[in-house]
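> Here it is: the structure, laid out below.
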Amino acid sequence: MKAPGLSGTYTVDEGFAKLLADSGLRARVVSTGNYALASAPKNPPDVVPAPAKASTPHAVTPAAQDAKELATVTVSVTRLEQSTEDAPQNIRVISRDEIDKQLAVTSSTTQILSNLIPSMTPAMQKMTNYGQTMRGLQPLVMVDGIPQSSPMYTSIGRDMTTIDPSMIERIEVIQGANSANGIGGMGGAINIITKQAKGGKPRQHVSAEATTPTSQLKGETMSYKTTYGITGSKGDFDYLLNLSYQNQGAYLDGWGNRVGTYDDQGDLMDSRSYDVMAKLGYAIDDNQHIGLTINRFRIKNDNHYSLVSGDRDKGVPTSAQRVAPPGSAPYNDSWTVGANYVNDDLNGMKLNASAYYQGVDSLFRGNTKFLANKAYDQSHAKFDKYGAKIALTSADFMDKTMRAVVGLDVMHENSNQKLLHSNLFWIPDITYTGISPFAQLEYAPIASVKVVGGIRYEHANVDVDSFTTLPRYGSKFVEGGKFSFGKTLFNAGASWSPVEPLNLFANFSQGFKVPDMGKAIRGISVDGARLSMVSYFKPDVADNYEMGFRVKVDKLALQASYFQTRVKPGTVISYVNDQWIANRSRTQIDGVELTSNYQLNSSHELGLGYAHSRGRFDINGDGKVDTKLDGANISPDRLSLNWSAKWSERLTSALQANWYFKRSFDGNNAVNTLDASKYRFSGYGLVDLSVGYKLDHGQLTVGVANLFDRKYITYYSQSAIVGNDYFFAGQGRTLTVGYRHDF
Numbered sequence: 018m019k020a021p022g023l024s025g026t027y028t029v030d031e032g033f034a035k036l037l038a039d040s041g042l043r044a045r046v047v048s049t050g051n052y053a054l055a056s057a058p059k060n061p062p063d064v065v066p067a068p069a070k071a072s073t074p075h076a077v078t079p080a081a082q083d084a085k086e087l088a089t090v091t092v093s094v095t096r097l098e099q100s101t102e103d104a105p106q107n108i109r110v111i112s113r114d115e116i117d118k119q120l121a122v123t124s125s126t127t128q129i130l131s132n133l134i135p136s137m138t139p140a141m142q143k144m145t146n147y148g149q150t151m152r153g154l155q156p157l158v159m160v161d162g163i164p165q166s167s168p169m170y171t172s173i174g175r176d177m178t179t180i181d182p183s184m185i186e187r188i189e190v191i192q193g194a195n196s197a198n199g200i201g202g203m204g205g206a207i208n209i210i211t212k213q214a215k216g217g218k219p220r221q222h223v224s225a226e227a228t229t230p231t232s233q234l235k236g237e238t239m240s241y242k243t244t245y246g247i248t249g250s251k252g253d254f255d256y257l258l259n260l261s262y263q264n265q266g267a268y269l270d271g272w273g274n275r276v277g278t279y280d281d282q283g284d285l286m287d288s289r290s291y292d293v294m295a296k297l298g299y300a301i302d303d304n305q306h307i308g309l310t311i312n313r314f315r316i317k318n319d320n321h322y323s324l325v326s327g328d329r330d331k332g333v334p335t336s337a338q339r340v341a342p343p344g345s346a347p348y349n350d351s352w353t354v355g356a357n358y359v360n361d362d363l364n365g366m367k368l369n370a371s372a373y374y375q376g377v378d379s380l381f382r383g384n385t386k387f388l389a390n391k392a393y394d395q396s397h398a399k400f401d402k403y404g405a406k407i408a409l410t411s412a413d414f415m416d417k418t419m420r421a422v423v424g425l426d427v428m429h430e431n432s433n434q435k436l437l438h439s440n441l442f443w444i445p446d447i448t449y450t451g452i453s454p455f456a457q458l459e460y461a462p463i464a465s466v467k468v469v470g471g472i473r474y475e476h477a478n479v480d481v482d483s484f485t486t487l488p489r490y491g492s493k494f495v496e497g498g499k500f501s502f503g504k505t506l507f508n509a510g511a512s513w514s515p516v517e518p519l520n521l522f523a524n525f526s527q528g529f530k531v532p533d534m535g536k537a538i539r540g541i542s543v544d545g546a547r548l549s550m551v552s553y554f555k556p557d558v559a560d561n562y563e564m565g566f567r568v569k570v571d572k573l574a575l576q577a578s579y580f581q582t583r584v585k586p587g588t589v590i591s592y593v594n595d596q597w598i599a600n601r602s603r604t605q606i607d608g609v610e611l612t613s614n615y616q617l618n619s620s621h622e623l624g625l626g627y628a629h630s631r632g633r634f635d636i637n638g639d640g641k642v643d644t645k646l647d648g649a650n651i652s653p654d655r656l657s658l659n660w661s662a663k664w665s666e667r668l669t670s671a672l673q674a675n676w677y678f679k680r681s682f683d684g685n686n687a688v689n690t691l692d693a694s695k696y697r698f699s700g701y702g703l704v705d706l707s708v709g710y711k712l713d714h715g716q717l718t719v720g721v722a723n724l725f726d727r728k729y730i731t732y733y734s735q736s737a738i739v740g741n742d743y744f745f746a747g748q749g750r751t752l753t754v755g756y757r758h759d760f
């Protein structure tokens, strides 16, 4: 059928309604970005179907037999664009609609991901995502395909603190070890896709919000945020400019006390941040486009509060007093510049080439333990990263049953970590150069079967300067060295739809990472050390096996999978003698995951998520993986429930609940010196509620996080770290009121 064009600004639902008016048809949502045409009811309801979530595709209403699919949700994080409906692995797409619902109750990217991915560790609510694993291993975090972490310093933990979530369009997540995007994807890959420029007349938005704890309403606990954006095109040029600014006050826990400050990484509370993103694109012709993106993000503490130690034995959380701490305020500063060229028809193939630069400057809290004279000093890390990616995707061949992509990734990074005031090296200058060719193939021998396979070769050269360790470790001279790593990685999988509502899938994939070199060398305390003698410098390789099924029946969509990940030799991080220690041990993690959505009617949708995992490692080298992983290495079991409702054309609501189940750990051993009788996670549950109301001009949102004002100690504080300075409570109930206007 043909429909007249549209002029002006419309939502997707409004656009379909106008295009299909008087046609006898309606658009039903199959998943985010995926619609079908069906016969319209004779007496249509007054409400428009609520957008579906992209986690598990589903139908909003029973499909008409003659419904025609309009689109399919595809993801680029696999490098060979794949549909989420029949991918041979667990792929999750977090849509902008889901992000907006989360932004009503939180402004943290780490919290958004934690809320929406059942296998991810609960967020620390600090200026870090350290210890926030997915399926028990660290994922590779990217923004528009650019890695945000350093391959040499996985412990820095600032890779989710490089962009404001208001800049994000969607998030693509591969769960389970994956090497498609290079080094670091042990637990999977998270690709944050930023907002894209839109063609046509300029479109703008402005928003403002305020957040307060409900237990106290005063200036020091108030948080404020505002954003502005404009996008459009003129001739063959398209452009986008997005701005955000946030000022966060003190956090209060469920007892009404200030949450303790984190004297290692820094805090989100009592901080100011801004993000500036600019994009400019040019359409060379109908098939070619070049684009430039610049993003500057900075978050810095205001340094109004200092730590007050808690009492772990008595259950008293760490808190904060309004006294300026020593030293300079912690911050994270990130500059990213990216250029991209796309040719959709290069002799029947698609070419995607990009180049990027990222500079990250991170300052942390300090202490008096670094130096012999007990003077206060702070850790200061810097990274400068250059890279390029090129991928050539074939057109369908062999009667359109096969697709392939070949490409090359290159990255060069210079990094170091010094003490801010004494200028002593904690970690010396390290240069990393990686070159990685890859290929992926997809073959569909029959309509109901899809087979995927790939290969990637990771080659890295590392050059570490000689240096002298800190006085804390005896001021030992360490001779630098050069190292090379090479590893061929594979993936293979298949999906099969034996009958229409059922899709079965199985997958094998490998992840690769270099052990945290910073942790390995900064604590050397012997004379005459040479890095060439350190056997630690060997890569970790994770083998991930997964099988599962998907079902789409009428209003119900369900996906379930079982996975097992084996890591040899494996790096386990533990907190021993007041410092983090990296140990090399065989590791095995098993688990099950389940997600489901059910559309009650055109206005109400229910969602469910469940994740269970069991992690063990070999503590003594006897070949048996029989010691439990702690909270720095594995997440708690979790049950998630959510309910989205559209009560009228103006009023919507979203309710979500997350239950984290208790977990015990092994203590009193050579790796974990914690008291096993106290070293356990007691579990807790959190409920969030948000309501949106569409005004004549703009949208009003009200969000309540931790609706029942639950008093709890965070998972990380209970399960991964000791000491009264790290016994952090989570935030109590907060109220956020926001307004947004698009024009």
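With the working numbering, you'll find the sequence shown wraps up at 760, consecutive numbering, no jumps.
Built from N, CA and C at the ideal position, the CB exists for glycine as well.
Kindly indicate which residue of P347, S326 and V122 has the alpha-carbon position closest to the one of G337.
Residue identity check: residue 337 is Ala in the sequence provided, not Gly. Measuring from the Cα of A337, the nearest candidate turns out to be S326.
> Let me check one thing: in DSSP terms, what residues is F455 bridge-paired to?
DSSP lists G424 and R473 as partners of F455.
> What do you reckon, are the CB atoms on Q457 and A398 nearer than 9 angstroms?
Going by C-beta atoms, Q457 is not nearer than 9 angstroms to A398.
> Going by other Cβ atoms of all chains shown within 10 Å of its Cβ, with 16 needed for buried, is D287 buried or exposed?
With 16 or more Cβ atoms within 10 Å of its Cβ, D287 is classed as buried.
> Among all the DSSP beta bridges, which residues are the ones paired with Q221?
In DSSP, Q221 forms a bridge with I247.
> Tell me the DSSP secondary structure of Q282 in three-state form.
Three-state result, Q282: coil.
> Straight-line CA distance for I129 to I301?
Each residue's alpha carbon lies about 37 angstroms from the other.
> Under 8 angstroms: does the beta carbon of K212 sit that close to some heavy atom of the ligand GDP?
This structure lacks the ligand GDP, and indeed carries no ligand of any kind.
> To the nearest angstrom, how far is the alpha carbon of T582 from that of D607?
Using only the alpha carbons, I get a separation of about 6 angstroms.
> Whose CA, out of L668, I200, K572 and T248, lies closest to the CA of G451?
Of L668, I200, K572 and T248, the residue nearest in Cα terms is I200.
> What residues in its chain sit with their C-beta under 6 angstroms from that of I311, if we drop five residues either side in the sequence?
For I311, where only same-chain residues beyond five positions count, the Cβ hits under 6 angstroms are A295 and V354.
> Pull up the DSSP beta-bridge partners for R680, would you.
F698.
> Could you check if H321 is buried or exposed, using at least 16 other CB atoms within 10 Å of its CB as the buried criterion?
That one is buried.
> Tell me the DSSP secondary structure of T753 in three-state form.
The answer is strand: DSSP assigns T753 an E or B state.
> What is the DSSP secondary structure of S620, counted as helix, strand or coil?
Of the three classes helix, strand and coil, the one that applies to S620 here is coil, per DSSP.
> Does the pairing of the stretch 569-582 with the stretch 539-550 give three or more beta-carbon distances under 8 angstroms?
These segments do not touch.
> Find the nearest neighbour of I210 within the set V160, F698 and M151, judged by alpha-carbon distance.
Of the listed residues, the one whose Cα sits closest to I210 is V160.
> Pick from V340, R96, L120 and S112: whose alpha carbon is nearest that of V708?
Of the candidates V340, R96, L120 and S112, the one whose C-alpha sits nearest the C-alpha of V708 is L120.
> Taking a contact to mean a Cβ-Cβ separation below 9 angstroms, would you say D635 touches R603 in this structure?
Result yes, Cβ atoms of D635 and R603 sit closer than 9 angstroms.
> Let's test the definition: count the other Cβ atoms within 10 Å of the Cβ of Q221 and tell me whether it reaches 16, buried, or not, exposed.
When all chains shown are included, Q221 counts as exposed.
> To the nearest angstrom, how far is it from the Cα of L487 to the Cα of M184?
Cα to Cα, the separation comes out at about 40 angstroms.
> Which of helix, strand or coil does DSSP assign to D114?
In this structure, D114 counts as helix in the three-state DSSP scheme.
> Cβ of F502 within 9 angstroms of Cβ of V495?
Result no, Cβ atoms of F502 and V495 do not sit closer than 9 angstroms.
> Using a threshold of 9 angstroms, state whether the C-beta atoms of V531 and V122 are closer than that.
Going by C-beta atoms, V531 is not nearer than 9 angstroms to V122.
> Alpha carbons only, please: which of D328, A370, Y373 and V276 is nearest the one belonging to R339?
Minimum Cα distance to R339 is reached at V276.
> Between L519 and E102, what straight-line distance do the alpha-carbon atoms span, to the nearest angstrom?
Taking the straight line from one Cα to the other gives about 10 angstroms.
> What three-state label does DSSP hand A671 in the structure shown?
Strand at A671.
> Assuming R603 is part of the alpha helix (DSSP H), what are its boundary residues?
No alpha helix (DSSP H) holds R603; DSSP gives it neither H nor E.
> Using 8 angstroms as the Cβ pair cut-off and three pairs as the minimum, do the stretch 347-362 and the stretch 372-386 touch?
Short answer: they touch.
> Tell me which residue opens and which closes the beta strand (DSSP E) that L506 is part of.
Counting along the chain, the beta strand (DSSP E) containing L506 begins and ends at G498 to W513.
> Tell me which residue opens and which closes the alpha helix (DSSP H) that M534 is part of.
Run containing M534: M534 to R539, per the alpha helix (DSSP H) assignment.
> Looking only at its own chain, which residues have a Cβ that is under 6 angstroms from the Cβ of G747, when we skip the five neighbours before and after it?
Only Y729 and T731 meet the Cβ criterion.
> Select from K317, K143 and V223 the residue whose C-alpha is nearest the C-alpha of Y756.
Y756 has its Cα closest to that of V223, out of K317, K143 and V223.
> Going by C-alpha to C-alpha distance, which of A412, K402, A574 and F500 sits closest to G365?
Residue A412 is the option with its Cα nearest to G365.
> So is F507 buried or exposed if we call it buried at 16+ other beta carbons inside 10 Å?
Classification for F507: exposed.
> Looking at A577: is its Cβ nearer than 9 angstroms to the Cβ of L611?
Cβ distance < 9 angstroms, so A577 and L611 count as in contact.
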